[in-house]
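Visitor: This is the structure I want to talk about, given as structure tokens.
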Amino acid sequence: MASVLKNIGLILIIVLHIKYIQPYPADVLIDEMQEEDDGTIDLSRFGDAIFGDPDESVGRMVDEWTPESGTNAEELGNYFEGDILIPFSEARNGLVKESSRWRNNIIPYVFHSSVSSQDRSLINQAINEYHAKTCLKFVPRSSEKDYISFESSSSGCWSSVGRIGGKQSLNLQSGGCTRIGTIEHEMMHALGFLHEQNRYDRDDFVTVIKQNIKPDTLPNFEKARYGETTAYDVTYDKGSVMHYSPTAFSRNGQKTILSKNGSDGQMGQRNGFARSDLLRINAMYKCDSQISGGGYPSGNTGGNNVSPPRPQPARPKPIQRPGNNAAGALISGLGSFFQALGSG
């Protein structure tokens, strides 16, 4: 008899707990799970497309490139999405399936001997922009295992995505690839960012005109699937330094990306960070400081149509439902009663 009563009591306690004093709503629990992310970046959806060898034919196109062409030098590559490349020589232990954020927001780096003093100065300007407008610190490498090697081979503009482990090359061919915005663009790839126009929600803001795109480059315009990436609650921005130009990968000189709302004027700009870029960097790397004096205006119509990162939710108080206090007292009393019954 005591055993039957004990089981009934346990069922009562469970029912009362669920009905009256469930402490946290499901959406808050989901947010907390996202916040516990270890910073791993999944590269598996790209398959083998991000691996290859630097290609000097790309370098020849970059040599002939001029700003008046209407495209960006990093859009000339035959690499994944134009400028994403993990050289086979740097893919340790087989093909890399994931990368990570940089630990403690510190990115060690070296300059390869191929980088001229003039280009080092330009790269240092970009580094100074990161230091002034984010909490990231690029530091000359001493003995760190993981680091970026700034290089200047005749193979165009390219970088891997995130920290892949060991030495990782970031190539900035002199001339076309050393505009401040292009340097910042490739460095953002190395930090873990992808192209803006590949966002899941891009069709709400731009139209991709497939008939104008070179057929073999159509995969460069594939959208991420829902849930694969996060935008850190920052609105899509045509003026992001990570956005393609309006005629990127065009087969006929016509536009391949058309704004749905307003001018294409800022689309694909490489003058420097947009404010949206800084918001995303500071959100990914959990920077506490506010952005000050940073970023070109958004490329969206109506001014800076960019939302700040969503603030972290405060841990909620238990939901107060009618009968909470009485239910708590009843549960406590039932627990004591059945504990005594079980020991009797």
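The sequence shown lines up with residues -23 to -1, 1 to 321 when you count with mature numbering (1 follows the signal peptide of the UniProt record, and there is no 0).
Beta carbons: idealized from backbone N, C-alpha and C, even for Gly.
(1) On the criterion of 16 or more Cβ atoms from any shown chain inside 10 Å, does residue 116 qualify as buried, or is it exposed?
(2) Quick one: grab the DSSP three-state call for residue 44.
(3) Within this structure, are the beta carbons of residue 136 and residue 109 separated by less than 8 Å?
(4) How far does the alpha helix (DSSP H) with residue 157 in it extend, from its first residue to its last?
(5) Please tell me whether residue 221 and residue 174 are closer than 8 Å, where the distance is taken between their beta carbons.
(6) Measuring alpha carbon to alpha carbon, tell me which of 89, 28, 157, 263 ends up nearest residue 66.
(7) Helix, strand or coil, according to DSSP, for residue 182 in the structure here?
(8) By alpha-carbon positions, which one of 223, 245, 33, 138 ends up nearest to residue 206?
(9) Could you tell me which residues DSSP puts in a beta bridge with residue 135?
(10) For the alpha helix (DSSP H) holding residue 99, just list the boundary residues, first then last.
(11) With contact counted as at least three CB pairs below 8 Å, one residue from each stretch, are the region 186 to 195 and the region 209 to 221 in contact?
(12) Spatial neighbours of residue 241 within its chain, please: CB distance less than 6 Å, with the 5 preceding and 5 following residues excluded, ordered by chain position.
(13) DSSP beta-bridge partners for residue 17?
(14) Here's the rule: buried if 16 or more other CB atoms are within 10 angstroms of the residue's CB, otherwise exposed. What is residue 17?
(15) What does the Cβ neighbour count give for residue 100, buried or exposed, with the cut at 16 atoms within 10 Å?
(16) So residue 253 is in the alpha helix (DSSP H); what residue range does that whole segment cover?
(17) Just verifying my parser: in three-state terms, what is the DSSP assignment at residue 66?
(18) Please classify residue 2 as buried or exposed, where buried requires at least 16 neighbouring CB atoms within 10 angstroms.
(19) Could you give the DSSP three-state label for residue 117: helix, strand or coil?
(20) Would you call the CB atoms of residue 145 and residue 134 closer than 8 Å?
(21) Look at the Cβ atom of residue 158, then the Cβ atom of residue 246, and state whether they are nearer than 8 Å.
(22) Leaving out the 5 sequence neighbours to the left and right, which residues in its chain are closer than 6 Å to residue 107 when beta-carbon positions are compared?
(23) Check residue 223 in the structure and name its three-state DSSP category.
(24) Going by C-alpha to C-alpha distance, which of 232, 198, 264 sits closest to residue 177?
(25) On the DSSP letters alone, give me the boundaries of the beta strand (DSSP E) that residue 124 sits inside.
(26) Can you give me the C-alpha to C-alpha distance between residue 124 and residue 76, rounded to a whole angstrom?
(27) Count the C-beta pairs between the region 81 to 96 and the region 47 to 60 that are closer than 8 Å, then say yes if the count reaches three, no if not.
(28) Less than 8 Å separating the beta-carbons of residue 162 and residue 219?
(29) When you compare the CB positions of residue 345 and residue 160, do they come within less than 8 Å of one another, or not?
(30) Give me the Cα-Cα distance between residue 288 and residue 257, rounded to the nearest whole angstrom.
(31) Return the residue from the list 119, 148, 37 that minimises the CA-CA distance to residue 89.
(32) Where does residue 35 fall in DSSP's three states?
(33) Quick one: what's residue 28 bridged to in DSSP?
(34) Span of the beta strand (DSSP E) holding residue 235?
(35) Where DSSP assigns a beta bridge to residue 85, which residues make up the other side?
Guide: Quick answer:
(1) exposed
(2) helix
(3) no
(4) 157 to 168
(5) yes
(6) 28
(7) coil
(8) 138
(9) 148
(10) 94 to 110
(11) no
(12) 223
(13) 77
(14) exposed
(15) buried
(16) 252 to 261
(17) helix
(18) Residue placement at residue 2 cannot be trusted, given a pLDDT of 33 that sits under 50; the coordinates are not used to answer.
(19) strand
(20) no
(21) yes
(22) 113
(23) coil
(24) 198
(25) 124 to 128
(26) 13 Å
(27) no
(28) yes
(29) The requested residue 345 is not part of the displayed model; the chain covers only -23 to 321.
(30) For residue 288, the predicted model reports a pLDDT of 38, less than 50, meaning its position is unreliable and no value from the coordinates is stated.
(31) 148
(32) helix
(33) 63
(34) 234 to 236
(35) 116
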